[in-house]
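Taking it in order: structure first as structure tokens, then the write-up.
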Amino acid sequence: MTANVRNGGAAPAGKTRAEKALARFHEEDGLREGYDLRMLRSLWPFMRPHAGPIALSLGLLIINSAVSILSPLVTRQAFDALDLPGGFTTFASYGALLLGLSILEQSLGFPQIYLMQLAGARAMGDLRAHVFKFLHTRKLAFFDRTPVGRLVTRVTNDVDAINEVFASGAFNAIGDLVKLVGIVAAMLLLDWRLALIAFIALPPVALLVNWTRKRLRDAFRRIRSTTARMNAYLNEQISGMAVVQAYAREEKAAAEFDQINDAYRQANNQSIIFDATLDAAIELVNTLCIATMLWYFGGRSIQSQVSFGTLFAFVQYIDKFFVPIRDLSARFTQLQSAMAGAERIFQLFENTEEDAPVTTPAAPNGTSDIAFELERVSFEYKPNVPILKDVSIRARRGEKIALVGATGAGKTTVASILLRLYEVKEGVVKVFGREVQATPRDELRRNFAVVPQEVFLFPGTIASNIAAGDIEIDRGRVTRALERIGALDLFERREGGIDAKVEERGSNFSAGERQLIAFARALYRDPPILVLDEATANIDSDTEARLQAAVWAAMQGRSALIIAHRLSTIRAVDRIVVFHKGRVVEQGSHEALLAQGGAYAKLYQLQFGRDEQANVAAE
Numbered sequence: 114m115t116a117n118v119r120n121g122g123a124a125p126a127g128k129t130r131a132e133k134a135l136a137r138f139h140e141e142d143g144l145r146e147g148y149d150l151r152m153l154r155s156l157w158p159f160m161r162p163h164a165g166p167i168a169l170s171l172g173l174l175i176i177n178s179a180v181s182i183l184s185p186l187v188t189r190q191a192f193d194a195l196d197l198p199g200g201f202t203t204f205a206s207y208g209a210l211l212l213g214l215s216i217l218e219q220s221l222g223f224p225q226i227y228l229m230q231l232a233g234a235r236a237m238g239d240l241r242a243h244v245f246k247f248l249h250t251r252k253l254a255f256f257d258r259t260p261v262g263r264l265v266t267r268v269t270n271d272v273d274a275i276n277e278v279f280a281s282g283a284f285n286a287i288g289d290l291v292k293l294v295g296i297v298a299a300m301l302l303l304d305w306r307l308a309l310i311a312f313i314a315l316p317p318v319a320l321l322v323n324w325t326r327k328r329l330r331d332a333f334r335r336i337r338s339t340t341a342r343m344n345a346y347l348n349e350q351i352s353g354m355a356v357v358q359a360y361a362r363e364e365k366a367a368a369e370f371d372q373i374n375d376a377y378r379q380a381n382n383q384s385i386i387f388d389a390t391l392d393a394a395i396e397l398v399n400t401l402c403i404a405t406m407l408w409y410f411g412g413r414s415i416q417s418q419v420s421f422g423t424l425f426a427f428v429q430y431i432d433k434f435f436v437p438i439r440d441l442s443a444r445f446t447q448l449q450s451a452m453a454g455a456e457r458i459f460q461l462f463e464n465t466e467e468d469a470p471v472t473t474p475a476a477p478n479g480t481s482d483i484a485f486e487l488e489r490v491s492f493e494y495k496p497n498v499p500i501l502k503d504v505s506i507r508a509r510r511g512e513k514i515a516l517v518g519a520t521g522a523g524k525t526t527v528a529s530i531l532l533r534l535y536e537v538k539e540g541v542v543k544v545f546g547r548e549v550q551a552t553p554r555d556e557l558r559r560n561f562a563v564v565p566q567e568v569f570l571f572p573g574t575i576a577s578n579i580a581a582g583d584i585e586i587d588r589g590r591v592t593r594a595l596e597r598i599g600a601l602d603l604f605e606r607r608e609g610g611i612d613a614k615v616e617e618r619g620s621n622f623s624a625g626e627r628q629l630i631a632f633a634r635a636l637y638r639d640p641p642i643l644v645l646d647e648a649t650a651n652i653d654s655d656t657e658a659r660l661q662a663a664v665w666a667a668m669q670g671r672s673a674l675i676i677a678h679r680l681s682t683i684r685a686v687d688r689i690v691v692f693h694k695g696r697v698v699e700q701g702s703h704e705a706l707l708a709q710g711g712a713y714a715k716l717y718q719l720q721f722g723r724d725e726q727a728n729v730a731a732e
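Each residue of the sequence shown is one higher than the one before, counting from 114 in the numbering used here.
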């Protein structure tokens, strides 16, 4: 029933055919630049429920970082002890102490990492569930213009990128800062002159990190964008593989995919170049600092004032000093990737097209004799492109109404706005006397069961598809629904019967079998209003004849809205409404409309010819 309406637009002149075809996948490239703190604040609601494990992990991290700072001090004491009597014995004792510190450090590291990753997995699970539920509250117009692959990327790839903050230890940046502060303090206490050699390197490193920051964010933003485009394109091509192969479109599809793939490769290469540049520069500064310190120690009188143990401790501290700086740069890279993913997710949350639930109580269904009603309704999918124009239709309880007209006349749109899948531009839509905008969404849609022309089946079983929406399957109702349409024997012949497996999109069933399951699904729901949208189009003539009789019997006591192209299927309805270019041009019974000789009579003549029309009119 969903209309596939895309926001089109002409491609700029001079582009290749592939570039024009891919223009629809570039809608997100203009995302504004985000800020890390703003993104982190947006993520906090998902982290807050897991603040306990996060705080405990951070506490262990700080303790662990402090323990790691002690090792060079112990090493210094050990080497200085060699100059004292009994130095080798003392040296061995310090070795045992170093071993104990190492064991303590590793013992603290395991629970710290476990708690942080556990909290991250739970927080990102909450975020992923929130995105999924958020998508279920969007209006169908949002899905009409947003490629499926792009939305899949939000739930999977972008959330995974944010999870790097936890899983790959970007939170360990706090530990790195603790180490850095502790190392600076220890170096100043040991010898401030040697410490200055290391500190001189900080300004160029800070400038380099700041220079890299913006470029890494831009690179990761392009990676996230091209990943979304790639997923959207793959979803489109794989879903349409039969058409691709039937029309020998493989080369064109490969050229279009190569363009997206090249964009991804270029963005990825840029991030690698900047990341490698930053890492190599920090490693070079580290080596230069050690070399400068050794040169200074060897060629100056300072050697008489500094013990060998202090020098050895300084070498360790300088190495440790640049380890957290290197780690901070790596975690900084991860953070840029995570923030690029967060940007895209929270940009999605800014969509305001919410199919918002109504919270006000509604009156019971017994207040009106009118099943559904449209009063002077106008509607458009895209601005200034009207689909319905001043349409008024009223159906009494139990009345069967058929909508006919040329393709694109607006027939299916009527059913969509009755279920409030789309909002009308003008006019009023009522179901059982209540405006649909004032009726809780779930309650409104419980009044309807829809049998579309293109049936969608979910992976599972025949029974689970017929009982769609029910957590507990009533097998008796499933069986009775199939019996009412004369299809129980057909499906019981399958291995597993009503528990037979249904593959993705029902690919292991014929189009007619899928249509029968859709009919059974509608009868299982037992609604007061049935909507049949060209529901027998994919069924052979013999099955259609049997099904028509069963469906007409099932419609007794119900209202029905039947959208039809084959006029032979609607002769017995109470009223036929004829659409032409979004307007209602005729209403009446089959015989009365033929007698008028208007738009319906012309449609009937096109399908059946003048002779049959004359025979029907004579009857």
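Every residue, glycine too, gets a C-beta built ideally from N, C-alpha and C.
Roughly how many angstroms lie between the CA atoms of residue i and residue j, to the nearest whole one?
i	j	result
K715	V686	19 Å
A209	V180	15 Å
R161	T188	41 Å
K292	A376	39 Å
N117	Y535	Low confidence applies here, because N117 scores a pLDDT of 40, under 50, leaving its location unreliable and the question unanswered by this model.
V428	M406	8 Å
L532	L221	57 Å
E657	L461	44 Å
P185	L303	11 Å
L228	I175	14 Å
M300	T266	47 Å
T552	A345	35 Å
A308	L424	11 Å
A562	Y717	28 Å
A594	R362	42 Å
R606	E596	14 Å
V740	Q372	Only positions 114 to 732 of the chain appear in this structure, which leaves residue 740 out of reach.
G670	L603	27 Å
Can the beta-carbon of residue i be found closer than 8 Å to that of residue j?
i	j	result
E647	I683	no
V357	A367	no
G511	S672	yes
C402	A319	no
G454	N348	no
I296	Y430	yes
D388	L329	yes
R696	D503	yes
G353	S178	no
V549	L487	no
Spatial neighbours of residue i within its chain, please: CB distance less than 6 Å, with the 5 preceding and 5 following residues excluded, ordered by chain position.
i	result
S155	F459
F632	V564 and I598
Y148	Note on Y148: pLDDT 47, under 50, position unreliable in the model; no value is reported.
T473	A caution first: T473 carries a pLDDT of 47, below 50, which makes its placement in the model unreliable, though a value can still be read off. If we look at T473 and ignore the five residues flanking it on each side, it has no Cβ neighbours.
S702	none
A236	F159, M160 and H163
A332	A380, Q383 and S384
G422	R189, F192 and D193
P260	A345
T203	A194
Kindly list the residues whose CB is nearer than 7 Å to the CB of residue i, restricted to its own chain and excluding five residues on each side of it in sequence; keep chain order.
i	result
N381	I336
A712	V691, H693, V698 and E699
K538	S491, F492 and E493
D653	G625
L600	The question names Leu, but residue 600 is Ala in the sequence shown. Hits under 7 Å: L629 and A633.
L248	L264
A286	L441 and R444
D724	Because D724 carries a pLDDT of 45, less than 50, the predicted location of this residue cannot be relied on, and the following value inherits that uncertainty. No residues qualify anywhere along the chain.
F246	Per the sequence shown, the amino acid found at residue 246 is Lys instead of Phe. So the list is empty, once near-sequence residues are dropped.
Determine whether the Cβ of residue i lies closer than 8 Å to any Cβ atom of chain B.
i	result
E493	The displayed structure is made up of one protein chain only, and chain B is not part of it.
Excluding the 5 residues flanking residue i on each side, which residues of the same chain have their C-beta closer than 8 Å to its C-beta?
i	result
A576	I586, R588, V591, I611 and D612
T649	Q628, E657, L660, Q661, R679 and T682
Taking 7 Å as the cut-off, is the CB of residue i close to at least one heavy atom of the ligand ATP?
i	result
V272	Annotation note on the ligand ATP: not contained in the displayed structure, which lists no ligands.
Contact between the segment 603-618 and the segment 547-559 (3+ Cβ pairs under 8 Å): At 8 Å Cβ cutoff, the stretches do not touch.
Any 3 or more C-beta pairs closer than 8 Å across the segment 263-278 and the segment 330-341: Enough Cβ pairs lie closer than 8 Å, so yes.
Every unbroken beta strand (DSSP E) inside the segment 462-549 [3 residues or more]: For the segment 462-549, the full-length beta strand (DSSP E) segments reaching 3 residues or more read 483-495, 498-509, 513-518 and 539-544 along the chain.
Contact between the segment 628-642 and the segment 578-587 (3+ Cβ pairs under 8 Å): Yes, since at least three Cβ pairs between the segment 628-642 and the segment 578-587 fall closer than 8 Å, the two stretches touch.
Beta strand (DSSP E) runs contained entirely in the segment 615-652, provided each spans 3 or more residues: Segments of the beta strand (DSSP E) lying fully in the segment 615-652: 642-646.
Segments assigned alpha helix (DSSP H), at least 4 residues, entirely inside the segment 304-365: Segments of the alpha helix (DSSP H) lying fully in the segment 304-365: 305-312, 315-352 and 354-359.
Alpha helix (DSSP H) runs wholly inside the segment 143-195, at least 4 long, in chain order: If only complete runs of 4 or more residues are kept, the segment 143-195 shows the alpha helix (DSSP H) at 149-160 and 164-194, in order along the chain.
Uninterrupted beta strand (DSSP E) stretches inside the segment 653-698 (no shorter than 3 residues): Within the segment 653-698, the complete beta strand (DSSP E) runs of at least 3 residues are 672-676 and 688-693.
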